[in-house]
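Protein chains in written order, with this note's numbering: chain S, 217 to 554; chain Z, 217 to 554.
Here it is as structure tokens:
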């Protein structure tokens, strides 16, 4: 503990106490599309104020804060984007992430965190009986649309875990498809694969748009409904379960996995994608922190460790389960064989 | 720019986007008095859940997040305080800071930040005509009570800037005294000093309590009211103006400083305490970021640079102004002579 060598410091306390301020600053800059304006060459306070229809003082204070927070650079009174901001916050960049804020700051989640004390007391979401997990919740449409730039690479890496020849006639099911990218990447890799996306109807529209854009729409079908309720069909070679299990209790996950097991061919595989913390649950940072999001947003969701996931799949009849990193994403894929 | 050498990373974006989550986690831990419970030897999830009247799952997820966020350590399933948390977050510690959250997260400020986009467009607070600056606002009583542990050291250092013999019969005015510590430290250093604290009546009660506690109550008087409106009196050797000017426009500050100038003896000094950013306004971090707090909470407040403060004092008749660091605080004192 290098801490022992120095005076106690309140820096972390104050930094954390004002964490919400940084969030609001980023949100406001994205709302005003300030980063795109700077990328387009507006670099001074008067130019930016005019473009963003704001007061010069407001823009100056906002931009200076963004410099301190690491999003902008300032030289001789002119603001410039950092390389990261140019990649992720200029609306013209293909990796633009600004839209993700709409999902990350959706009222359901914000309300969940505002009621965090109640969630800790209760051991689950304090917002409603089951938080985000409702068909009428349109947050998932937002999510499906805004996560595309982040999910393309993990989806590609996940598709590469399917150990079949390129001309295999795969029958694939994508459970809670969302943006659909995981299934779509399988369709792109296997030219004869038939992919069925399962999700709520309003979310499936996004998956279908993305299948169209990827040129695989003619091999993309859909099942609308709740994965726990609907008929999955049968004879699948691959069932994808990306970012789904963490919303539910281990028991509910087990029910779904048994259903998936029945829907698979004898040599089929289930392919889940999850944030998997180490057994001690405090590393790596993102998967470890993800457990909190599930606490505030779901009744019984969890960031499951590898030993929990392995037990869950084994309990459902899968005999050989392996975990695979998907760098640079903080998620892992789980490949489970019958 | 070491950035050029690496792949673009969305880490800062996601870290900042979830800054508000860290804030809520800290707030909840303080609300549940979790840190004090750990300090008192409750180190396991079941012990802490029982003590904090919470679900075991809630406590486990909260504590794991606090480990990732740097407030706790975890070894073999037991949680421990870091040295910083032991100093600042155990309610039994004299340096306990948990109470500061009540002020930092006061609804007025939170509402101000929630309306940050509107404040940027307008160039000042979007919450009310003048945000926090209202006599009926009880936030300042909270602030006065909770800031004592943080303010003791800067107040001592400020008192040491008064270059008079220890037995000088100083007549001292403390404008917007708040907790009263700046005036009280002068009274402690100069045994014959008479100190008058000026503030709103409800805040003055806190200053008087602190004067009592410091054993200087018999040399502590008060003037209740608004510093811009009331008679200050005259013949002062020292007028303290701690953390006050930043709430107002340069013009309003000038009016107050002229009033202070008239109230001082010919060899008297004004002693202001301020967050003073460098002329480029993007360093040091805390004073640079402080400008945003003034944007959201006041109509025309500002984190003034040294050249602005010097001009302000000179315009009010002060001829020799100097700036003094108050480490480890991020504030500076300004000594202004007639």
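Virtual Cβ for every residue (Gly too), placed ideally from N, Cα, C.
Spatial distance of residue 375 of chain S from residue 344 of chain Z (CA atoms): The straight-line gap separating the alpha-carbon atoms of residue 375 of chain S and residue 344 of chain Z is approximately 54 Å.
Coil, strand or helix - residue 548 of chain Z by DSSP: DSSP, reduced to helix, strand and coil, places residue 548 of chain Z within a strand of the structure shown.
Candidates S/518, S/491, S/497, S/532: closest to residue 544 of chain S by CA position: Put simply, of S/518, S/491, S/497, S/532 the residue whose alpha carbon is nearest the alpha carbon of residue 544 of chain S is S/491.
Residue 258 of chain S at chain Z interface by Cβ criterion, 7 Å: Judged by the 7 Å Cβ criterion, residue 258 of chain S is not in contact with chain Z.
Start-to-end residues for the beta strand (DSSP E) that takes in residue 485 of chain Z: Where residue 485 of chain Z is concerned, the enclosing beta strand (DSSP E) stretches over 480-490.
Any 3 or more C-beta pairs closer than 8 Å across the region 367-386 of chain S and the region 423-431 of chain S: No, the region 367-386 of chain S is not in contact with the region 423-431 of chain S.
Min CB distance residue 219 of chain S to chain Z below 7 Å: Note that residue 219 of chain S scores 45 on pLDDT, short of 50, meaning its location in the model is unreliable; the coordinates nonetheless yield the value given after this. So yes, residue 219 of chain S belongs to the interface.
Cα-Cα separation between residue 434 of chain Z and residue 291 of chain S, rounded to whole angstroms: Roughly 54 Å between the two C-alpha positions.
Alpha-carbon spacing of residue 220 of chain Z relative to residue 298 of chain S, whole angstroms: Since pLDDT at residue 220 of chain Z reaches only 49, below the 50 mark, its modelled position is unreliable, and the value read off the structure follows with that caveat. Residue 220 of chain Z and residue 298 of chain S have their alpha carbons spaced roughly 9 Å apart.
Extent of the continuous alpha helix (DSSP H) to which residue 323 of chain Z belongs: First-last of the alpha helix (DSSP H) with residue 323 of chain Z: 323-330.
Close-in-space but distant-in-sequence residues of the same chain around residue 218 of chain S (CB under 7 Å, 5 per side omitted): Note that residue 218 of chain S has pLDDT 48, beneath the 50 cutoff, so the model's placement of it is unreliable and the number below is only indicative. Nothing listed; no residue qualifies.
Below-7 Å beta-carbon distance, residue 280 of chain S vs any chain Z residue: Interface residue (Cβ-Cβ distance to chain Z less than 7 Å): residue 280 of chain S is classified as such.
Boundaries of the beta strand (DSSP E) in which residue 278 of chain Z is found, first to last residue: Run containing residue 278 of chain Z: none in the beta strand (DSSP E); it sits in the alpha helix (DSSP H), 272-284.
Residue 473 of chain S to residue 237 of chain S span [Cα, whole Å]: Residue 473 of chain S and residue 237 of chain S have their C-alpha atoms spaced approximately 42 Å apart.
Contact between the region 321-339 of chain S and the region 240-258 of chain Z (3+ Cβ pairs under 8 Å): With a cut-off of 8 Å, the region 240-258 of chain Z and the region 321-339 of chain S count as touching, because enough Cβ pairs lie within range.
C-beta neighbour in chain S for residue 313 of chain Z, strict 7 Å: Closer than 7 Å to some Cβ of chain S, the Cβ of residue 313 of chain Z qualifies, so yes.
Per-residue DSSP class, three states only, for residue 296 of chain Z: In the displayed model, residue 296 of chain Z falls within a strand according to three-state DSSP.
Residue 290 of chain S (DSSP reduced to helix, strand or coil): DSSP places residue 290 of chain S in strand when its eight states are reduced to three.
Cβ-based burial, residue 450 of chain S [other Cβ within 10 Å; buried from 16]: Per the 10 Å Cβ criterion, exposed.
First and last residue of the uninterrupted alpha helix (DSSP H) at residue 439 of chain S: Careful: residue 439 of chain S lies outside any alpha helix (DSSP H), inside the beta strand (DSSP E) at 436-440.
DSSP bridge partner residues for residue 537 of chain S (one or two, in chain order): Answer is S/552, bridged to residue 537 of chain S.
Limits of the alpha helix (DSSP H) - the one that residue 227 of chain Z falls within: Counting along the chain, the unbroken alpha helix (DSSP H) around residue 227 of chain Z starts and ends at 227-233.
Closer than 9 Å at the beta carbon, the chain Z residues around residue 232 of chain S: Within 9 Å of the CB of residue 232 of chain S, the CB atoms of chain Z belong to 235, 238, 239, 241, 242, 285, 286, 287, in sequence order along the chain.
Proximity test, Cβ basis, 7 Å: residue 324 of chain S and chain Z: No, because no Cβ of chain Z sits closer than 7 Å to the Cβ of residue 324 of chain S.
Strand pairing of residue 419 of chain Z, partner residues [DSSP]: DSSP links residue 419 of chain Z through a beta bridge to no other residue.
Pair within 7 Å by beta-carbon distance, residue 421 of chain Z and residue 453 of chain Z: Contact: no.
Amino acids of chain Z, ordered along the chain, whose beta-carbon sits closer than 7 Å to that of residue 507 of chain S: Under a criterion of Cβ atoms nearer than 7 Å, the residues of chain Z adjacent to residue 507 of chain S are, in order, 277, 280.
Closer than 8 Å at the beta carbon, the chain S residues around residue 501 of chain Z: 284, listed in chain order.
Cα-Cα separation, residue 591 of chain S to residue 392 of chain S: There is simply no residue 591 of chain S to check, as chain S begins at 217 and stops at 554 in what is shown.
Residues of its chain near residue 356 of chain Z, where Cβ-Cβ distance is below 6 Å and the 5 sequence neighbours each way are ignored: Only 419 meet the Cβ criterion.
Listed by chain order, chain S residues near residue 290 of chain Z by CB distance under 9 Å: Residues of chain S passing the Cβ test: 496, 497, 498.
For residue 522 of chain S and residue 406 of chain S, the rounded distance between their alpha carbons: So the two alpha carbons sit approximately 29 Å from each other.
Within chain S, partners of residue 517 of chain Z - CB distance below 9 Å: Under the 9 Å cutoff, chain S gives no residues; its nearest Cβ is about 10 Å from residue 517 of chain Z.
beta-carbon residue 535 of chain Z near the ligand PLP non-hydrogen atom, thresh 6 Å: Absence of the ligand PLP is noted for the structure shown, with no ligands found whatsoever.
Under 9 Å by beta carbon: chain S residues contacting residue 270 of chain Z: Listed by position along chain S, the residues whose Cβ is nearer than 9 Å to that of residue 270 of chain Z are 333, 336, 337, 338, 339.
When S/414, S/317, S/225 are compared against residue 231 of chain Z, the one with the closest alpha-carbon: The option with the nearest alpha carbon to residue 231 of chain Z is S/317.
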